[in-house]
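Chains as they are written, first to last, in our numbering: chain A, 5 to 446; chain P, 762 to 1004. These notes are about the structure you will find just below.
Below is the structure:
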C-alpha cells in the first residue's frame, strides 16, 4: 500500500510502498524478492533512517515468544514495542535493562539504533544486554547472532540502522525491580560548570540526565536541572504506594491533536517555557519517589508532542563529544545562544565507555536539542557539525536527517569496517534507506 | 475459564480477536492449516495474558475431517469464531474454475461444513456462541468481486438461518460484516481511511457484541447505511454502474 511516511521529526516525508507480514516464511519470501527496501518499526527515530521508497513494516510481527520470570529473560519478535513489554514485565518485578526516552519504539528499532538510556554510564547500551537475535540477511537466510556467535553480523546490526538485514527475534536480559517507582533527586545547577561538576559528584547513581536552558547568557549560561534516580525499594515507598508496589494507576492521556502553527515556537515562547520549567523547582534540591513513567518517559504523556513543531517538522540534533572536550560543549551552546535558536528540549547526559562497532555512544557528553525546520537551519547545523568534528565527536544516526556524508565518514572511526560487513550481508543494496543513500554507507 | 475457538487463527483479524478474548481471561484454541505458523501466537497469548492457548490443525476444505477435528478438541469451546476467508482474484476466477472453487470453498462450503458440526454440538448442549465473519461484499453482487461476494452472501444467509434455528436452544449466532479492514488480505489495496477499521477495532467490537448478544454487527457504523443505500438502488440502475 502507498503511504505517506515520516518519522518522529516529521522531516523528511516520503511516499512509500509499505508491506507487512506476520510469519517468518512470508518475510523471507519478501526479502528474496525485493531490492531497495528498509525494515521499519514504530517510526520513532527522528530522521530518515527507517524511511525508504519501499518499507517493510514490522509492527505486525509482534509476538512475545517467552518470558523466563525466574532468570529475567525475554524473547520477542522484532515488532513488539517497549510499551507492551513494560505492561507484562513490570507487574512481575522486572524492568528493561536500557530504555530510551520513549517507550513507543520496537525491540527491532532498539537494536538497530542500539539505544541508550539514563543509565548508560553504569549499564551501557541495549546491545550489552542481548543474549541472541535472529537476522534475515540479503540471501534470505536467518542467521542467529550474539556477542559470541557471528560476531561481525551482531556488532554491525547493533546500531546498524537495519542495513545488515531484517531483525526478526531478540532475546535479552531484564533487570530485577522491587517496585514500579523511582527514588529521584532533582538538583538545580546555576550554570554549565556546576552541572558538569554535579554529574561527576552523582555519577554513582544508576540513572542521570540534565535538562538545560540553552538561552541563558553570562553567569547563568547553561543553567540546568540535574535529575538522578534509583529504582525504589519497597521500604522507600509511602503506605499508599506500598499497597501494590508493582502496579501503577492508569492515567488519562493528553494529545496534541494537530500540527501547531510554527510561529508559536519562537525565542519568546521557548524562553517562557524554560523559565517556567526551571522556576517550578523552588528549592535547590528536591527528593521524592515517583512512578517510573514520568521519570523515564516524561514526553510520552503527551501523545504526538512532535506536532507542536508544526507541519515543516523539526530536527533533533544529538551529538556526543569525548569526555576531555567539554570546551566543545561550551562552544556549541554558545553558538546556539548567540543565534537565539534555543529548543524546548535540551538534554545533557554523560555516557560511559562503549566498545561497539558503529553505535553512537562513546565516553563523553551528549546533548540533544530540538530545532524546528526553518530557513537557514541546515546551514547553521552544518556549522555545528564542524565544531562537533573539530572536537572529535559524532552525531546520532537515529536522529539524523541531514548531515553530509563526509561528516559521517570522518566522525565514525569504524565506518569503513561497518560498510564492509554490511556489504557482505546486504549484497546489491537489498536493504536501503534514505539515510544509507545520503551517507553513501553502501 | 471459558474457551474460545478461532477457526482460521492466522488471519490478522483472528489474531486481534484472540488477544481481545485472552485479555479477558478466555483460554484460546487456535486452528489453522499451518499449525506450526500459529506457535508464536500461542506463546504470545500465554506470556501476555497467562491463559492456556492450544494449536490445532484445521483445513476448511477437508470436509470429512471436520467432525473428528471438533471431537478431538481438548474442551468444547464456549465460543466459536469462524474467521477464515479468501478474497481471491475476480478476473482470474472468471476464467479459471479452480480459483472460483477455491473462493467458494474457503468462504462458504468450508464454513458451512465446520459450523454444521459446531451447531449440532451447541444445540445438544443448549449453550454456546457462534460468530461468523462474513462481509459487506455479500450484501449485493458487484462486477468487481461477485464471486467472493456471492460466497459471503451465502454465508450470511446460512448464519441467519442458523440463528433462527438455534434461538430456541439458547445458542447465540452472530454475523459480523466488517467492511474494509486493514489486514494482509487488503494490503495491496488503497482503502479509504474513514471506512477502514484496524483489526483491533474489529476485535473489540466483536468482543462487546458477543457480550450483548448482538445478531448482526457492522463494525464501522457508516457501512450499515452505505449498504442500505446500495441495496436500495433499483436493479435497472445498479446494473449500469461500475462497482
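Ideal placement from N, C-alpha and C gives every residue a C-beta, glycine not left out.
Secondary structure of residue i, DSSP reduced to three states
i                       : result
residue 102 of chain A  : coil
residue 321 of chain A  : strand
residue 797 of chain P  : helix
residue 1000 of chain P : coil
residue 131 of chain A  : helix
residue 233 of chain A  : strand
residue 841 of chain P  : strand
residue 342 of chain A  : helix
residue 168 of chain A  : coil
residue 816 of chain P  : strand
residue 432 of chain A  : helix
residue 951 of chain P  : coil
residue 993 of chain P  : helix
residue 355 of chain A  : strand
residue 147 of chain A  : strand
residue 790 of chain P  : strand
residue 61 of chain A   : strand
residue 174 of chain A  : strand
residue 835 of chain P  : coil
residue 263 of chain A  : coil
residue 307 of chain A  : strand
residue 292 of chain A  : strand
residue 957 of chain P  : strand
residue 350 of chain A  : strand
residue 136 of chain A  : strand
residue 326 of chain A  : strand
residue 284 of chain A  : coil
residue 228 of chain A  : strand
residue 315 of chain A  : coil
residue 180 of chain A  : strand
residue 822 of chain P  : coil
The alpha helix (DSSP H) enclosing residue i, as first and last residue numbers
i                      : result
residue 8 of chain A   : Note, residue 8 of chain A: premise wrong, no alpha helix (DSSP H); beta strand (DSSP E) at 6-10.
residue 831 of chain P : 827-832
residue 202 of chain A : 196-205
residue 141 of chain A : Here residue 141 of chain A belongs to no alpha helix (DSSP H), and DSSP marks it neither H nor E.
residue 440 of chain A : 438-442
residue 288 of chain A : No alpha helix (DSSP H) holds residue 288 of chain A; DSSP gives it neither H nor E.
residue 158 of chain A : 155-161
residue 778 of chain P : 773-784
residue 34 of chain A  : 28-37
residue 244 of chain A : 243-246
Run of the beta strand (DSSP E) containing residue i, from where it starts to where it stops
i                      : result
residue 186 of chain A : 185-193
residue 298 of chain A : Unbroken run through residue 298 of chain A is the alpha helix (DSSP H), 296-300; no beta strand (DSSP E).
residue 765 of chain P : 764-768
residue 211 of chain A : 211-216
residue 22 of chain A  : 17-24
residue 449 of chain A : The shown model of chain A, from 5 to 446, leaves out residue 449 of chain A, and the question about it has no answer.
residue 979 of chain P : 977-979
Residue i burial status per 10 Å Cβ neighbour count (16 or more: buried)
i                      : result
residue 247 of chain A : exposed
residue 318 of chain A : buried
residue 50 of chain A  : buried
residue 89 of chain A  : buried
residue 359 of chain A : exposed
residue 48 of chain A  : buried
residue 954 of chain P : exposed
residue 331 of chain A : exposed
residue 982 of chain P : exposed
residue 52 of chain A  : buried
residue 858 of chain P : exposed
residue 281 of chain A : exposed
residue 925 of chain P : exposed
residue 922 of chain P : exposed
residue 785 of chain P : exposed
residue 990 of chain P : exposed
Does the segment 925-939 of chain P touch the segment 54-73 of chain A, meaning 3 or more C-beta pairs lie closer than 8 Å? Segments in contact, no.
Ignoring anything shorter than 3 residues or poking outside the segment 360-426 of chain A, list the beta strand (DSSP E) runs there in chain order. Correct list: 368-376.
Runs of 3 residues minimum, wholly inside the segment 860-947 of chain P: which ones carry the beta strand (DSSP E) assignment? DSSP runs (the beta strand (DSSP E)) wholly in the segment 860-947 of chain P: 890-894 and 933-938.
Does the segment 287-301 of chain A come into contact with the segment 178-195 of chain A, if we say contact requires no fewer than three beta-carbon pairs (one atom in each stretch) closer than 8 Å? When Cβ pairs closer than 8 Å are counted between the two stretches, the segment 287-301 of chain A is seen to touch the segment 178-195 of chain A, the count reaching three or more.
Taking only runs of the alpha helix (DSSP H) that begin and end inside the segment 65-127 of chain A, which ones reach a length of at least 4 residues, in chain order? Counting only runs of at least 4 residues, the segment 65-127 of chain A fully encloses the following alpha helix (DSSP H) elements, listed from N- to C-terminal order: 86-93, 111-116 and 124-127.
Does the segment 224-236 of chain A come close enough to the segment 354-373 of chain A that 3 or more CB-CB pairs lie under 8 Å? Not touching, per the Cβ criterion.
Inter-stretch contact (C-beta, 8 Å, three-pair minimum) for the segment 889-900 of chain P and the segment 840-848 of chain P: A contact exists between the segment 889-900 of chain P and the segment 840-848 of chain P.
Kindly confirm or deny that the segment 381-394 of chain A and the segment 125-133 of chain A touch, where touching means at least three C-beta pairs closer than 8 Å. By the criterion of at least three beta-carbon pairs nearer than 8 Å, the segment 381-394 of chain A is not in contact with the segment 125-133 of chain A.
Is there contact here, the segment 206-219 of chain A with the segment 344-359 of chain A, by at least three beta-carbon pairs under 8 Å? Judged by pairs of C-beta atoms under 8 Å, the segment 206-219 of chain A touches the segment 344-359 of chain A, as three or more such pairs exist.
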